[in-house]
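Trainee: Could you have a look at this structure, given as structure tokens, before my questions?
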Amino acid sequence: MRLISLLALCGLALAETDGGPVLTAGLELQQGIQSILGRTCQLANNTSRESNIVGTLDACVDTYGPLDHNVHLMEDGFWLSTEGDTVQILGPNERGALYGASEYLSMLAQGNFSSVAYASSPNANIRWVNQCDLTRATQHTRLLASVGINDGLGRIADVMRPYGVQIGISLYFSSPTSGIQGQANLTTFDPLDSGVVTWWSNVTDQLYDRIPDMAGYLVKANSEGQPGPLTYNRTLAEGANLFAKALQPHGGIVMFRAFVYNQLNESVWTADRANAAVDFFKPLDGEFDDNVVVQIKYGPIDFQVREATSPLFANLYDTSTAIELQVPQEYLGQQTYLVYLPPLWDTVLGFDMRVFNRSLGGYAAVVNVGTNQTWLGSHLSMANFYAYGRLAWDPLENTAKIHKNWTRLTFGLDQEVVNTITNMALESWPAYENYSGNLGVQTLTDILYTHFGPNPQSQDNDGWGQWTRADHDTIGMDRTVANGTGFSGTYPPEIATMYEDIETTPENLLLWFHHVNYTQQLKSGKTVIQHFYDAHYSGAETAQTFAKQWQTLDGKLDSQRFEEQIYRLKYQAGHSIVWRDAICDFYHNISGIYDVSNRVGNHPYRIEAESMTLNGYKTCAVSPFETASNYHAVVVSDNTTAGSVSTVLRFPSDVYDIGVNFYDLYGGKSKYEILINNKTMVRWTGDSEDYLSHTPSIYGHSARRITFEGLGIQTGDVFEIIGAADGIEPAPLNYVVFLPSGVLD
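The sequence shown runs contiguously to residue 1768 in my numbering.
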């Protein structure tokens, strides 16, 4: 009997499965009620029907008889009733009871004590996370259970089992030839070789001997240079089925990633990485075993700021599929930025293609929580993980509502706090899209190395296929059937027709589907290039508001979270200007078309470092050129010394916010100070590697702006910056900006 009774909201009891999810549900309720209500709970078994109960539906009915309501639950669902004087939290299985307990605690923590009686079931039976190793297995598993995830990382299944979380294992396709301890070392990993089949069968049996409830395998094959079945001219289906057959006796499944592509020749007009998934998988539809699920990224490239929805979802009629999302912001600021991702995911989850009634399917997310106490490195990034769990349960749930709920659970019930943080979050993805890559051109970040800072040059002239085909006159990928790569034709006819015609293609995907002149006019009346300029300025302006909005919460939040987050938001404000200038300067340079508002390349409030009097500093060219204002920076002549840059100020006497753009490299922590008329005004250290990302070179990833507010200057003052190099970091400076109140250069 799987039941727990909460006596007067202060009791917990377990029956039958010691260490199972129902006991965990009781312990979570015990701990949560103590934390939220300050009441101590006790355990009790099989008390009267008037008790508050958490357990399985069958056990409840067997013990107390039929419920007052007619309850129908799918696997992992739950029934939650707070009607009358009792609480019922019931699931069709133990895991469902645990999910219901988490939902009930979420209500209490948000101050919601209303009377409810409802059933909730997950939208899909697969809700996985793909995660690297970490040491906080128990805490991580509590996290997964609280948002309804039923698979994740972990090396210790016993730790996860009480939370209803099953482990899966990510495999390397060529493992039979890798000399794994305790296993035969083969000379082949051909999926049709009988020895390989036996090898995987034996390994799988051994794993299930130790982990009888193992969920299955995650496989990435023939992608980005990795081995796979194509190595032996076998099909991807034959490769997936190798694992499926080994898992089938144990009830396990294979999550087989559709992220398969090759390097391409950019000189071939019809070459297109976006076609890869359909090209590889559509001919194999129906050839995958029933316990294979093809895991498909939401877009056909790689977690960009906006992509067309992957057409592979509409091309697999007889194959189970799962959508792959990414919680960490690999191409979208890497948790250094505030970017709330669910509105982006909504563009895919709400996209109308085809739905096929398969018994398996659902959601997978790359999560990559780490050792930081915030799990994802930022106090605001955890909203993305929370929202993934909520949307995997119910993809129709409103993303603004999800964020408000998360904010209340994380920062408390103060309405100003909830509204401010949610407002920031909802503005964040549109802002990032604006100051990075818009009109469907992709993110324009450095795709070759860090995936963080601006580097539009990296998109083209390489074989990885994230091309923009930008030249002096034109930009965008022609993915039409009539003139281009044919990608638009891989959608169902209604959608293919929409994307084939430039007039009916949504403008936020214009450059994804069409190769156009920079002077192509949009519905707004702007040209493509002017839209680029305006959007990048608009996005950077929005990014300036985040720190200001957060500042209004001073005193309403604990000092640690307040200070740690405002540091990141101020960084984002400065780096959004780096992004804005890099993209605008690059396309202005390549096209020769001026900004009608005369902003691009025109910065009257700036003083370039190389134009100042240099003492112990020297000028250096920055590569890529667009990641430095005026394409140059200055560095100390010798890394063992200090240097200075100075100038006589010609700005009107006033109070200014003074911003310094410099480069912050790991491997050194240069020290700087600003002097006015030989008087030190401020000091700082280039130490962002202690708080943010790490980068070794002078380019867009290491570029920073630090701003000092409210410094008074007089016309004719001597302004000086002294920089002292440290390690490999040569105290690099780009420019100084003097901003009057209300001005953003």
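Don't be surprised by glycine CBs; every beta carbon is placed ideally from N, CA and C. Quick caveat: nothing in here was measured; it's all calculated off a predicted structure.
Which ranges would you report for the beta strand (DSSP E) in the stretch 1239 to 1320 if only whole runs of at least 3 residues count?
Mentor: As far as the stretch 1239 to 1320 is concerned, its whole beta strand (DSSP E) runs of at least 3 residues are 1239 to 1242, 1276 to 1280, 1315 to 1320.
Trainee: Out of Gly1309, Gly1088, Tyr1458, Ala1387, which one is the CA nearest neighbour of Trp1151?
Mentor: As a working mapping, residue 1151 is identified with position 128 in the sequence shown. Checked all of Gly1309, Gly1088, Tyr1458, Ala1387; the closest Cα to Trp1151 is Ala1387.
Trainee: May I have the straight-line CA-CA distance separating Phe1674 from Ile1697, to the nearest angstrom?
Mentor: Locating residue 1674 in the sequence shown gives position 651, where the first residue counts as 1. Locating residue 1697 in the sequence shown gives position 674, where the first residue counts as 1. For Phe1674 and Ile1697, the distance between alpha carbons rounds to 17 Å.
Trainee: Please classify Leu1176: does DSSP put it in a helix, a strand, or coil?
Mentor: As a first step, residue 1176 is located in the sequence shown; it is residue number 153 there, counting from the start. Residue confidence for Leu1176 is low, a pLDDT of 37 falling below 50, so the modelled location carries little weight and cannot support an answer.
Trainee: Output the boundary residues of the beta strand (DSSP E) element that contains His1150.
Mentor: By 1-based counting over the sequence shown, the position of residue 1150 is 127. Contrary to the premise, residue 1150 reads as Arg rather than His in this sequence. It spans 1149 to 1153 - the beta strand (DSSP E) in which Arg1150 sits, taken as one unbroken run.
Trainee: Spatial neighbours of Asn1173 within its chain, please: C-beta separation below 6 Å, excluding the five flanking residues on both sides.
Mentor: Counting from 1 along the sequence shown, the entry for residue 1173 is found at position 150. Because the pLDDT at Asn1173 is just 46, under 50, the model does not fix this residue reliably, and the point stays unresolved.
Trainee: Let me make sure I understand the geometry here. Which of Gly1765, Ala1297, Ser1634 has the alpha-carbon closest to that of Leu1756?
Mentor: Here residue 1756 is taken as the residue at index 733 of the sequence shown, counted from 1. For Leu1756, the nearest C-alpha among the options comes from Ser1634.
Trainee: Might you give, ordered along the chain, the residues of its own chain that have their beta carbon closer than 6 Å to the beta carbon of Gly1262, omitting 5 neighbours on each side?
Mentor: Start at 1 with the first residue of the sequence shown, and residue 1262 comes out as number 239. Cβ within range, chain order: Pro1214, Ala1244, Gly1251, Pro1252.
Trainee: Can you tell which of Gln1358, Gln1574, Ile1616 has the C-alpha that lies nearest to the C-alpha of Asp1494?
Mentor: One-based indexing of the sequence shown puts residue 1494 at position 471. The shortest C-alpha separation from Asp1494 is found at Ile1616.
Trainee: Using the beta-carbon count (16 or more within 10 Å), is Arg1727 buried or exposed?
Mentor: Against the sequence shown, residue 1727 aligns to sequence position 704. By the 10 Å Cβ count, Arg1727 comes out buried.
Trainee: Out of Ser1138, Leu1287, Asn1075, Thr1663, which has the shortest C-alpha to C-alpha gap to Asp1483?
Mentor: Start at 1 with the first residue of the sequence shown, and residue 1483 comes out as number 460. Looking at the Cα atoms, Leu1287 is the closest of the given residues.
Trainee: Can you tell me the Cα-Cα spacing of Asn1638 and Val1658, whole angstroms?
Mentor: As a first step, residue 1638 is located in the sequence shown; it is residue number 615 there, counting from the start. As a first step, residue 1658 is located in the sequence shown; it is residue number 635 there, counting from the start. For Asn1638 and Val1658, the distance between alpha carbons rounds to 11 Å.
Trainee: Taking the beta strand (DSSP E) that Ala1754 falls in, what are its first and last residues?
Mentor: Taking the sequence shown and counting its residues from 1, the one referred to as residue 1754 is at position 731. Looking at the DSSP string, Ala1754 is not in any beta strand (DSSP E), and its letter there is neither H nor E.
Trainee: So who's on the other strand from Glu1696, going by DSSP bridges?
Mentor: If you number the sequence shown from 1, residue 1696 lands on position 673. Answer is Arg1706, Ile1745, bridged to Glu1696.
Trainee: For Trp1292, count neighbouring Cβ atoms within 10 angstroms of its own Cβ and tell me buried if that reaches 16, exposed if not.
Mentor: By one-based count along the sequence shown, residue 1292 stands at place 269. Exposed, by the Cβ-count rule.
Trainee: Which whole runs of the alpha helix (DSSP H) in the stretch 1489 to 1552 are 4 residues long or more, in chain order?
Mentor: With a minimum length of 4 residues, the continuous alpha helix (DSSP H) runs that stay inside the stretch 1489 to 1552 are 1516 to 1523, 1533 to 1536.
Trainee: For the putative contact between Thr1636 and Val1678, defined by C-beta atoms under 8 Å, what is the C-beta separation to the nearest angstrom?
Mentor: Working through the sequence shown from its first residue, we reach residue 1636 at position 613. Working through the sequence shown from its first residue, we reach residue 1678 at position 655. Between Val1678 and Thr1636 the Cβ distance is about 25 Å, and since that is not below 8 Å, they are no contact.
Trainee: Take every Cβ of the stretch 1085 to 1094, pair it with every Cβ of the stretch 1126 to 1136, and state whether three or more of those distances are shorter than 8 Å.
Mentor: Too few Cβ pairs lie closer than 8 Å, so no.
Trainee: State the DSSP-derived secondary structure class of Trp1487, mapped to helix, strand or coil.
Mentor: Mapped onto the sequence shown, residue 1487 falls at position 464. Looking at Trp1487 - three-state DSSP - the assignment turns out to be coil, as it is neither helix nor strand.
Trainee: Residues bridged to Val1389 by DSSP?
Mentor: Against the sequence shown, residue 1389 aligns to sequence position 366. DSSP lists Asn1153, Gln1349 as partners of Val1389.
Trainee: Compute the Euclidean distance between the alpha carbons of Phe1536 and Asn1446, then round it to the nearest angstrom.
Mentor: Numbered from its first residue, the sequence shown carries residue 1536 at position 513. Numbered from its first residue, the sequence shown carries residue 1446 at position 423. Distance between the alpha carbons of Phe1536 and Asn1446 is about 32 Å.
Trainee: In chain order, what residues of the same chain have a beta carbon less than 6 Å from the beta carbon of Leu1176, not counting five sequence neighbours either side?
Mentor: Position 153 of the sequence shown, counted from the first residue, corresponds to residue 1176. Caution is warranted here: a pLDDT of 37 is assigned to Leu1176, below 50, making its placement in the model unreliable, and no coordinate value can be reported.
Trainee: Would you mind stating whether Ala1281 and Ala1300 have Cβ atoms separated by less than 7 Å?
Mentor: Numbered from its first residue, the sequence shown carries residue 1281 at position 258. Numbered from its first residue, the sequence shown carries residue 1300 at position 277. Yes, the Cβ-Cβ distance between Ala1281 and Ala1300 is below 7 Å.
Trainee: So if DSSP puts Asp1677 in a beta bridge, which residue, or which two residues, is it bridged to?
Mentor: Numbered from 1 along the sequence shown, position 654 holds the residue referred to as residue 1677. Answer by DSSP bridge pairing, in chain order: Ile1736.
Trainee: Assign Tyr1195 to one of three DSSP states: helix, strand, or coil.
Mentor: Locating residue 1195 in the sequence shown gives position 172, where the first residue counts as 1. Tyr1195: coil per DSSP, three-state reduction.
Trainee: Taking C-alpha atoms, which residue in Val1645, Gly1486, Asn1442, Gly1750 lies nearest to Lys1692?
Mentor: Position 669 of the sequence shown, counted from the start, is the residue given in the question as residue 1692. For Lys1692, the nearest C-alpha among the options comes from Gly1750.
Trainee: Touching or not, the stretch 1576 to 1591 and the stretch 1604 to 1624, by the rule of three or more beta carbon pairs under 8 Å?
Mentor: Result no; under three Cβ-Cβ pairs closer than 8 Å.
Trainee: Quick check on Phe1685: does DSSP put it in helix, strand or coil?
Mentor: Taking the sequence shown and counting its residues from 1, the one referred to as residue 1685 is at position 662. Strand.
Trainee: Check Cys1064 in the structure and name its three-state DSSP category.
Mentor: Residue 1064 sits at position 41 when you count from the first residue of the sequence shown. DSSP places Cys1064 in coil when its eight states are reduced to three.
Trainee: Assign Val1219 to one of three DSSP states: helix, strand, or coil.
Mentor: Residue mapping note: residue 1219 aligns to position 196 of the sequence shown, counting from 1. Here Val1219 sits in helix by DSSP.
Trainee: Classify Asn1786: buried if its beta carbon has 16 or more other beta carbons within 10 angstroms, exposed otherwise.
Mentor: With the chain represented from 1024 up to 1768, any question about residue 1786 goes unanswered, as that position is not in the structure.
Trainee: Looking only at its chain, what residues have a beta carbon closer than 6 Å to the beta carbon of Leu1367, apart from the 5 residues adjacent to it on each side?
Mentor: On the sequence shown, residue 1367 is found 344 positions in, with the first residue counted as 1. Counting only Cβ-Cβ distances below 6 Å, and skipping sequence neighbours, we find Trp1452.
Trainee: List the residues that DSSP assigns as beta-bridge partners of Ala1644.
Mentor: Position 621 of the sequence shown, counting from 1, holds the residue named residue 1644. In the DSSP output, where bridge partners are listed per residue, Ala1644 has His1655.
Trainee: Count the C-beta pairs between the stretch 1707 to 1726 and the stretch 1581 to 1601 that are closer than 8 Å, then say yes if the count reaches three, no if not.
Mentor: Taking 8 Å as the limit for Cβ pairs, the verdict is that the stretch 1581 to 1601 does touch the stretch 1707 to 1726.
Trainee: Identify every run of the beta strand (DSSP E) within the stretch 1376 to 1463, keeping only runs that are complete inside it and at least 3 residues long; order them along the chain.
Mentor: For the stretch 1376 to 1463, whole beta strand (DSSP E) runs of length 3 or above, ordered along the chain, are 1385 to 1389.
Trainee: What does a CB cutoff of less than 7 Å around Thr1344 pick up in its chain, not counting 5 residues either side in sequence?
Mentor: Locating residue 1344 in the sequence shown gives position 321, counting from the first residue. Contacts found: Val1316, Val1317, Ile1319, Phe1336, Gly1384.
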